[in-house]
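Colleague:
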Amino acid sequence: DVKVTQSSRYLVKRTGEKVFLECVQDMDHENMFWYRQDPGLGLRLIYFSYDVKMKEKGDIPEGYSVSREKKERFSLILESASTNQTSMYLCASSPDRGQGEQYFGPGTRLTVT
Amino acid sequence: QKEVEQNSGPLSVPEGAIASLNCTYSDRGSQSFFWYRQYSGKSPELIMFIYSNGDKEDGRFTAQLNKASQYVSLLIRDSQPSDSATYLCAVTPGYKLSFGAGTTVTVRA
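Taken in sequence, the protein lines are chains C and G. Those letters in the first sequence? Residues 1 to 113, by the numbering used here. Those letters in the second sequence? Residues 114 to 222, by the numbering used here.
1. Check whether chain G comes within 8 Å of C/GLN25, counting only Cβ atoms and requiring the distance to be less than that.
2. Determine, for G/TYR152, whether the minimum Cβ-Cβ distance to residues of chain C falls below 8 Å.
3. Span of the beta strand (DSSP E) holding G/GLN151?
4. For the beta strand (DSSP E) that contains G/GLY213, what are its first and last residues?
5. Sort C/GLN102, C/LYS18, C/ASP96, C/THR111 by Cα distance to G/SER156 and report the nearest one.
6. Thinking just about the alpha-carbon of each residue, which of G/LYS115, G/ILE131, G/TYR208 is nearest to the one in G/SER197?
7. With a cut-off of 8 Å, does the C-beta of C/PRO106 fall near any C-beta of chain G?
8. Answer yes if the stretch 97-113 of chain C comes into contact with the stretch 12-22 of chain C, meaning at least three C-beta pairs across the two stretches below 8 Å, and no otherwise.
9. Using C-beta distances below 8 Å, list every residue in its chain close to G/LEU134, excluding the 5 sequence neighbours before and after it, in chain order.
10. Can you name, in chain order, every residue of its own chain whose Cβ lies under 6 Å from the Cβ of G/TYR164, other than the five neighbours on each side?
11. Please state whether the Cβ-Cβ distance between C/LEU43 and G/PHE162 is less than 8 Å.
12. Got a sec: is the Cβ-Cβ distance from G/PRO127 to anything in chain C below 8 Å?
13. Strictly below 9 Å CB to CB, what residues from chain G border C/GLN85?
14. Show which residues of chain G have a CB atom less than 8 Å away from the CB atom of C/LEU43.
15. Taking only runs that begin and end inside the stretch 26-53 of chain C, name each unbroken beta strand (DSSP E) of 3 or more residues, in chain order.
This is the structure in structure tokens:
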């Protein structure tokens with residue numbers, strides 16, 4: 001079974017703090033993704049990575065950065081958290097030789113106060 | 114026009130009935146089609162995928178794909194209360210998925 005884990009299920013941070021969300025997958029998948037999910041807006045892609053040290057912007061990259069130093073780990077960084085970044089953050093991974101199927105981690109509910 | 118559109122919900126069905134979920138997509142280059150189930154407060158879980166025109170059955174779930182009409186559907190037969198969730202349609206021409214907004218299904222006991 002594919003296992004994608006995220007560092008925290010719930011996180012509360014203050015405005016202006018630097019926030020790190022970490023994601024680890026154990027299936028040797030090449031591709032990893034960060035989404036946020038908000039009521040009424042659905043799943044929106046923030047960044048994705050198709051190889052170590054490679055990254056591409058998704059639909060809403062502003063205010064975020066990412067890091068992928070190892071194949072199994074993909075980190076999302078909020079440089080200076082703001083209240084409009086309060087959301088559910090979901091990490092996913094997919095194999096290069098698959099058909100595009102993505103497997104999600106349990107999610108991190110981030111609240112910025 | 115949104116890339117992936119799903120029939121608006123919520124959809125309420127009695128226990129034992131068939132729930133029918135529909136999805137249309139705009140990118141004719143899409144090759145792979147997925148259905149995810151998401152329980153409230155949880156992350157999406159992949160339940161079905163289909164790549165070729167026609168029907169694909171897996172237990173109580175049947176996915177149907179018509180590439181000419183750019184249409185994919187999910188049927189849930191013998192609906193159970195545990196099927197109450199939001200169902201997300203996702204399509205991809207490659208490795209980036211485009212998701213629909215989801216249809217919330219409630220199965221009435």
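Just so you know, even glycine gets a beta-carbon here, dropped at the ideal spot from N, CA and C.
Modeller: If we stick to the structure as given:
1. Here residue 25 of chain C refers to the residue found at position 25 of the first sequence. Answer no: the Cβ-Cβ gap between C/GLN25 and chain G never drops below 8 Å.
2. Taking the second sequence and counting its residues from 1, one reaches residue 152 of chain G at position 39. So no, G/TYR152 is outside the interface.
3. In the second sequence, residue 151 of chain G corresponds to position 38, counting from 1. That run of the beta strand (DSSP E) goes 145-151.
4. Taking the first residue of the second sequence as 1, we reach residue 213 of chain G at position 100. Premise fails: G/GLY213 is in no beta strand (DSSP E) and is neither H nor E.
5. To locate residue 156 of chain G, count along the second sequence from 1; it is residue 43. That would be C/GLN102, whose Cα lies nearest to the Cα of G/SER156.
6. Translated into positions along the second sequence, residue 197 of chain G becomes position 84. For G/SER197, the nearest C-alpha among the options comes from G/ILE131.
7. Your numbering for residue 106 of chain C matches position 106 in the first sequence. Closer than 8 Å: yes.
8. yes
9. The residue labelled residue 134 of chain G in the question sits at position 21 within the second sequence. Excluding residues within five positions, the ones whose Cβ falls inside 8 Å are GLN119, ASN120, LEU124, TRP148, SER186, LEU187, LEU188, ILE189, TYR200, CYS202, THR216, VAL218.
10. Looking up residue 164 of chain G in the second sequence gives position 51. If we look at G/TYR164 and ignore the five residues flanking it on each side, its Cβ neighbours are SER145.
11. Locating residue 43 of chain C in the first sequence gives position 43, counting from the first residue. Locating residue 162 of chain G in the second sequence gives position 49, counting from the first residue. Not in contact: C/LEU43 and G/PHE162 (Cβ atoms no closer than 8 Å).
12. Within the second sequence, residue 127 of chain G is the residue found at index 14, counting from 1. Answer no: the Cβ-Cβ gap between G/PRO127 and chain C never drops below 8 Å.
13. Position 85 of the first sequence, counted from the start, is the residue given in the question as residue 85 of chain C. Near C/GLN85 there are no residues of chain G at all, since even the closest Cβ is about 19 Å away, more than 9 Å.
14. For the purposes of this step, residue 43 of chain C is identified with residue 43 of the first sequence, where counting begins at 1. Going along chain G in sequence order, the residues near C/LEU43 (Cβ under 8 Å) are PRO157, LEU201, PHE212.
15. 31-38, 42-49
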